Amino acid sequence: MKISFDKPGVPATGVAVVFATSGGKLSSTAEKLDKKTSGAIKRAIKSGDFNGDAEQLLNILAPVGTRLDAILVVGLGKPGDIRELGAQKAGGQIYAATARAQKGSATVAVDEIEGSSVVASEMAAQMGFGALLRSYRFDKYRTKEKPTAKPKLKAISFMVPEGAAARKQFGKLSKVADGVFLTRDLVSEPANVIYPETLAKQAKSLEKVGVKVEVLGVAQMKRLGMGALLGVGQGSVNEPRLVVMQWNGAPASRGQGGKGKKKEAPIAFVGKGVTFDTGGISIKPAANMEDMKWDMGGAGVVIGLMRALAGRKAKVNAVGIVGLVENMPSGSAQRPGDIVTSMSGQTIEVLNTDAEGRLVLADALWYCKDRFKPKFMIDLATLTGAIIVSLADQYAGLFSNDDKLCEQLTKSGEVVNEKVWRMPLGDAYDKMINSDAADMKNIGNRGGGSITAAQFLQRFVDKTPWAHLDIAGVTWSKADAPTVPKGGTAFGVRLLDRLVADYYEKK
Ligand code: BES
Ligand code: MN
Ligand code: ZN
36 MKISFDKPGV
46 PATGVAVVFA
56 TSGGKLSSTA
66 EKLDKKTSGA
76 IKRAIKSGDF
86 NGDAEQLLNI
96 LAPVGTRLDA
106 ILVVGLGKPG
116 DIRELGAQKA
126 GGQIYAATAR
136 AQKGSATVAV
146 DEIEGSSVVA
156 SEMAAQMGFG
166 ALLRSYRFDK
176 YRTKEKPTAK
186 PKLKAISFMV
196 PEGAAARKQF
206 GKLSKVADGV
216 FLTRDLVSEP
226 ANVIYPETLA
236 KQAKSLEKVG
246 VKVEVLGVAQ
256 MKRLGMGALL
266 GVGQGSVNEP
276 RLVVMQWNGA
286 PASRGQGGKG
296 KKKEAPIAFV
306 GKGVTFDTGG
316 ISIKPAANME
326 DMKWDMGGAG
336 VVIGLMRALA
346 GRKAKVNAVG
356 IVGLVENMPS
366 GSAQRPGDIV
376 TSMSGQTIEV
386 LNTDAEGRLV
396 LADALWYCKD
406 RFKPKFMIDL
416 ATLTGAIIVS
426 LADQYAGLFS
436 NDDKLCEQLT
446 KSGEVVNEKV
456 WRMPLGDAYD
466 KMINSDAADM
476 KNIGNRGGGS
486 ITAAQFLQRF
496 VDKTPWAHLD
506 IAGVTWSKAD
516 APTVPKGGTA
526 FGVRLLDRLV
536 ADYYEKK
């Protein structure tokens, strides 16, 4: 999709997109087009139930008095209520409504809206971002799809005052979209294409945007004592990997006592990268097992986030670590009852080989805090089915030992519409994973499955401020939303990019 920002004007050909606010008040360009069409827009409003509320659309085809193919009027709601998210959603709707336009392009006239705190240039940039996000499609394996079935729209032009400002803001947002698209690609790929080695290769490709990438293999992980992660991977012919990505964008600050420049401590993101989760010997039922190709969703988000941060040259030092394994049953697979020793030295009784994500994260988290001593660690994992029971696809579960981090994540989540809901942690839950045979077991008893999973992770973060996002319910969606087409959502990329931008970047 090509998004451009051009001089204000009245669109003359193709599809013209204009706006209305609640009560059916037309934008200035909409007024002009209404005059040109002898009042077609106002008549269309009178004849239907469109009144300019947010998320409403009115499409007028082949309007007389113009050479236009259509006029699309997009509702923005009450001017005072318009926020960047509303603009993004409108952009997504514009894409969806014009995707089949025969000329392959649409022209959007973005005027200043009286009473709105979002100026036209920002509105246009956010709409462009929303349209771009919605245009994502994973169709590389559909070799027989008829060309007529594919979306035709290739370009959207936004006519807007202060095009340069819009262009600049969109430039940064498009880097975030690059990260989102990378994540969506990675979670959409099947497990015969994306397995630890190939996913590590994808991460390695971030070197081209300035990320430092190291890939650890089995021998190195053995030397580090990562028995928890390695145990999960031992049943697969596709060997595990651990990938360490570093983006150093923070300006070095003066060290104490004038001892030269000192590197700012990084913030860290850790992802569960189970490239396929059969459950292992505790094998899953066949129905919907194909969903487990996106059990690397947490790792996908961390890789996409690093891409976004590097792409927009975020002024922050960030580390991304992903633990990559395939959980398979085989003659070499780990058995229920096996006891493994993690890098931390703590031992784990593996009572269910399907509770594998926490085993992978145990070593990845410990390694992260041990090596980098980060300001905080946030892990993302499609960790439990229980979080879907709790929160469905509306929120990611948030578990944390740090109130400030929770507050920041909650606020950023609201702003980008990737919402998180804090869940409890505590000693009583922690006790539930004590084991008679080892330091802990990898499952709890009955209830609170997402919480006992989080308690398990907490045993591997020490005193580091930490948050765990259980994204099992939000990583894949079965229905289109304004800026998120069905499929891989990349939930977490925009949230964490925003968290960094709002709270952790040097200004
Ligand atoms: N990857 C799954 C969790 C999951 C389930 C993600 C459905 C997305 C959709 C995880 O590894 C798992 O199998 N968890 C088990 C834990 C149980 C064995 C304690 C679960 O949730 O059933
Ligand atoms: Mn599992
Ligand atoms: Zn899993």
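In this text, residue positions in the sequence shown follow the working numbering: the first is 36, and each later residue adds one. Think of the CB as a built atom: it goes at the ideal place given N, C-alpha and C, for glycine as much as any other residue. Note that the coordinates shown come from a computational prediction; the quantities given were computed from them, not determined experimentally.
Residue i vs residue j beta-carbon contact at 7 Å
i	j	result
S367	G270	yes
M331	T313	no
V52	V143	yes
G214	A343	yes
K71	T48	no
S425	A502	no
A75	I95	yes
G112	A79	no
M475	I413	no
G87	V222	no
A303	V248	no
P517	G127	yes
D69	K81	no
L278	V250	The amino acid at residue 278 is misidentified as Leu; the sequence shows Val. In contact: V278 and V250 (Cβ atoms closer than 7 Å).
T308	V357	The residue asked about is misnamed: residue 308 is Gly in this sequence, not Thr. Yes.
F193	V228	no
Residue i: first and last residue of the uninterrupted beta strand (DSSP E) it sits in
i	result
R276	276-283
M194	190-194
D312	302-312
I383	382-385
K37	37-41
S435	431-435
A141	140-144
L251	247-251
A184	Taken as a continuous stretch (DSSP letters only), A184 belongs to no beta strand (DSSP E), as it is neither H nor E.
L504	501-505
E361	352-362
Inter-residue Cα distance where the pair is residue i and residue j
i	j	result
K360	S62	Note on identity: in this sequence residue 360 is Val, with Lys being the wrong assignment. Spanning the two alpha carbons is a distance of roughly 54 Å.
A131	V45	22 Å
G483	G508	16 Å
R481	A421	11 Å
F407	K513	38 Å
L168	D41	20 Å
T183	F173	17 Å
A12	A226	Any answer about residue 12 is impossible in this case: the structure gives the chain only from 36 up to 542.
D428	L188	30 Å
M324	A472	31 Å
V50	E299	50 Å
Y430	E449	10 Å
L93	D465	55 Å
G346	Q493	32 Å
K297	W282	16 Å
G150	V108	19 Å
P275	Y538	34 Å
M36	S447	27 Å
L241	V337	12 Å
R258	D398	13 Å
Limits of the unbroken alpha helix (DSSP H) element including residue i
i	result
L400	392-407
G346	332-346
A160	155-169
G268	262-268
R533	528-534
K521	K521 -> no alpha helix (DSSP H), and no H or E assigned at all.
heavy atom of the ligand NAD below 6 Å from residue i C-beta
i	result
N387	Here the bound small molecules are the ligand BES, the ligand MN and the ligand ZN; the ligand NAD is not part of this structure.
Own chain residues within Cβ distance below 6 Å of residue i, not counting five before or after
i	result
I478	L386, N387, A390
Q91	F85, G110
L531	L340
V451	R529, L530, R533
G115	G150
Residues of its chain near residue i, where Cβ-Cβ distance is below 7 Å and the 5 sequence neighbours each way are ignored
i	result
K350	G284, A285, P286, E540, K541
G198	F40, D41, K42
A160	A201, Q204, F205, L208
G262	V375, T376, S377
G339	G214, V215, L217, T218, A525, V528
M363	G270, S271, T313, G315
I468	M475, K476, G479, T487, Q490, F491
T419	G484, S485, A488, D505, A507
L433	C441, L444, V455, W456, R457, M458, A502, L504
Neighbourhood of residue i by C-beta distance below 8 Å, restricted to the same chain and skipping five residues each side
i	result
Q369	G266, V267, Q269, G270, G315, I316, V375, V385, T388
A97	L103, D104, A105
K319	D312, T313, M327, D389
V535	I302, L344, A349, V351, A353
For this session: Could you name each continuous beta strand (DSSP E) segment of 3 residues or more that falls completely within the segment 80-111, going from the start of the chain to the end?
Result: Runs of the beta strand (DSSP E) inside the segment 80-111: 92-96, 102-110.
Exercise. Which whole runs of the alpha helix (DSSP H) in the segment 440-516 are 4 residues long or more, in chain order?
Worked result: Positions of the alpha helix (DSSP H) runs, each at least 4 residues long and wholly inside the segment 440-516, are given as 462-466, 484-493 in order along the chain.
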